[in-house]
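Just so you know, we're using the numbering used here here: the sequence shown kicks off at 52 and counts up by one. By construction, the Cβ of each residue, glycine as well, lies at the ideal position given by its N, Cα and C atoms. Predicted model only: the values in this text are computed from it and were never measured.
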Amino acid sequence: MTSYFDDDDVPATAGSLPAGEPAEAAGQHGTKVDRPRIQAAVREILIAIGEDPDRSGLLDTPKRVAKAYAEMFAGLHHDPAEILATTFDLDHEELVLVKDIPFYSTCEHHLVPFHGVAHVGYIPSHDGKVTGLSKLARLVDMFARRPQVQERLTTQIVEALVTHLKPRGAIVVVECEHLCMSMRGIRKPGAKTVTSAVRGQLHDPATRAEAMSLILGR
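Structure follows, in structure tokens:
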């Protein structure tokens, strides 16, 4: 499985995974992904909906789902400090923005996907230190690879920036389509949900307007 956290500049910690290591090798608070338990549960679900888990097309489905869940929820077992630990003293004092970061996540209410893009920006601290641009994308992936709701995802990203980079300001805007609205319930495919979170100097109307103009100026 491809790791999203295997750059050489991400330090190894007790909670981090070596490149190529299965997702269940380490976990939050020492827990592990219990693949056999997931497989047993998936088999029971197949029986409960009236399927035959022993037919050829479904025989390996529990194993495949367990493997997929270990990947889809790998973000539970990582700390944002691992990703944002490396900074560079570039003496840059203006907005840094990475926009249109694509991601997939899983709705914690229905365990179906939601997907979209995140726009992540910050005004560096007074010492001008910045993190690598790829780290902002990795931060989005880390929080997306959990059972999630969009509102919390947005807040977690911005709070991680504030906690670990100490910026003068931060902004996160997330745009998503939720399959729990597209394929079930109200069934409105294509409907988009937009959430935002700002901290520090990005609360200033002029500064926020500048950031939003950059985000929306596609």
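Coil, strand or helix - Glu261 by DSSP: The answer is helix: DSSP assigns Glu261 an H, G or I state.
Beta-ladder partner(s) of Leu148, from DSSP: Answer by DSSP bridge pairing, in chain order: Gly172.
Beta-ladder partner(s) of Ala248, from DSSP: Val223
Through-space distance from Gly172 to His143, alpha-carbon basis: 13 Å
Start and end residues, alpha helix (DSSP H) containing Lys239: Membership of Lys239 in any alpha helix (DSSP H) is not indicated, and neither H nor E is assigned to it by DSSP.
Bridge partner(s) assigned by DSSP for Ser156: Phe165
Cutoff 7 Å; reference Ile89; Cβ partners in own chain excluding five residues on either side: Answer for Ile89: Val116, Ala117 and Tyr120, listed in chain order.
Stretch-stretch touch, CB-based, cutoff 8 Å, three pairs: the segment 218 to 231 with the segment 241 to 248: yes
Sequence-distant residues of its chain with Cβ nearer than 6 Å to Lys150 (five each side left out): His170 and Ile266
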